[in-house]
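Worksheet for the structure shown next.
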Amino acid sequence: MARRNIVVIGASAGGIEVLQTILAALPWDFPGSVFIVLHTSQESPGLLPEILNRCSKLPVLYAVHGAPILPARVYVAPAGRRHMMLDRGKVRMEAGPRENRNRPSIDALFRSASYAYGSQVIGVVLTGNLDDGSAGVAAIKARDGVAIVQDPDDAFAPSMPASAIDATDVDYVLAAEAIGPKLIELVTSNVAENLQAISNGTRNIAATGHTYSCPECGGVLEEIQENELLRLRCRVGHIYSPESFLADQTEAVERALWAAIRSMEEQTEYADRLATSSRQKNRAALAHRFSDKAETSRENAAVLRELLQKTTDEIFDIPQPIPEMEPRTRTE
């Protein structure tokens, strides 16, 4: 018999406070290994282990390539550079393409954990926007692992946990303060190790025949179905969930609209100058023509600005800054 002793946690907006709550509940002799991906900007000052160590009885450290997986440890993925993935017995840091617009990606961690450890994995999806973690938690469930999701009503940003609930039959939907005690309960119980699920778990993927353009590299993006979830993947390896793909497409449209607005406003300014110059030379017909051109460009720029406002009304995931916090007293 094996133990459910591999705990993988994914969070985004509002995640630091929830992670503190969970880790504060775990005892110093917690028999599981905890792995955390928190979406932050690549320029993050790298203080997350320090912040979490203030409230955790378990040592919290940044993951490094090849590090052995030990019990009673918390491994945090460094921001922005590599995916944190699990092999049997060790951590693997991989500089692969972004997944769901992020590197490290929650899905990448969850999926690799499910392939390496099967039914021993407990996946936890916390607060955040968009839907990173949904495909990963479905992969964990497909290999007989356990899925815990923060109650969307309890989350600062409910989109990520709500998407995970929609993606698969999760085992527990809990408020933040109930997740730590549930982890203690789960890791101290035995589970039948599903070796077949581990060995056969590498691919349950089918192409749908629909293709798009990859927002990151411009290559062909193929729609695939994995564990009954739609995802998109290009030849290079960029992977998108539907919501992440739409978010990147929205940003691409925004960039194109700003470029068009800039061109229209420059065109307006230049046509106005030509109209003024023509009037000074008593060329009324030419001045009128340039004035009409300037007015048309001005109106078009206004229309584009209105369209841009509508396009950017939806708020997508913005990494939270690491807050300054007072040290908390640790108790053994």
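Numbering follows my numbering, in which position 64 of the sequence shown is assigned residue number 124; successive positions increment by one, without gaps.
Glycine is no exception: its CB is placed at the ideal position from the N, C-alpha and C atoms.
Counted as a single uninterrupted DSSP element, the alpha helix (DSSP H) harbouring E311 occupies residues 302 to 340. Taken through DSSP and simplified to helix, strand or coil, I129 comes out as coil.
Within the segment 175 to 246, the complete alpha helix (DSSP H) segments of 4 residues or longer fall at 194 to 202, 219 to 227, listed in chain order.
Following the DSSP letters along the chain, one finds A84 in no beta strand (DSSP E) but inside the alpha helix (DSSP H) bounded by residues 75 to 85. By the C-beta density criterion, P164 is buried, having at least 16 other C-beta atoms within 10 angstroms. About 6 Å separates the beta carbon of G70 from that of V185, a gap short enough to meet the 8 Å contact definition.
Contact check for I208 against Y232 passes: the beta carbons are separated by less than 7 Å. By the CB criterion at 7 Å, L146 and A173 fall inside the cutoff. Between T187 and M220 the beta-carbon gap is near 7 Å, inside 8 Å, which marks them as a contact. Between the alpha carbons of I284 and S357 lies a distance of about 43 Å. Membership of E154 in the beta strand (DSSP E) is indicated by the continuous run 150 to 154.
Following the DSSP letters along the chain, one finds L98 inside the beta strand (DSSP E) bounded by residues 93 to 98. Taking a cut-off of 8 Å on C-beta distances, the segment 131 to 143 touches the segment 79 to 98, as three or more cross pairs fall below it.
In the structure shown, S273 falls within a strand segment according to DSSP collapsed to helix, strand and coil.
Three or more pairs of CB atoms, one per stretch, sit closer than 8 Å, so the segment 112 to 123 contacts the segment 75 to 91.
For Y272, same chain residues with a beta-carbon under 6 Å away, outside a window of 5 residues either side, are L281 in chain order. In the structure shown, the three-state DSSP call for D147 is strand. A straight line joining the alpha-carbon of A238 with that of D211 spans about 10 Å.
Taking the C-beta atoms as reference points, L292 is found nearer than 7 Å to F305.
Exclusion of the five residues before and after D214 leaves A235, A236 as the residues of its chain whose Cβ lies within less than 7 Å of its Cβ. At the C-beta level, D167 and D192 come within 7 Å of one another. Ranked by Cα distance from H143, the first of P128, V251, H298, V363 is H298. For Y135, the closest of P87, I244, L108 by C-alpha to C-alpha distance is L108. Secondary structure at L107: coil, using DSSP grouped into helix, strand and coil.
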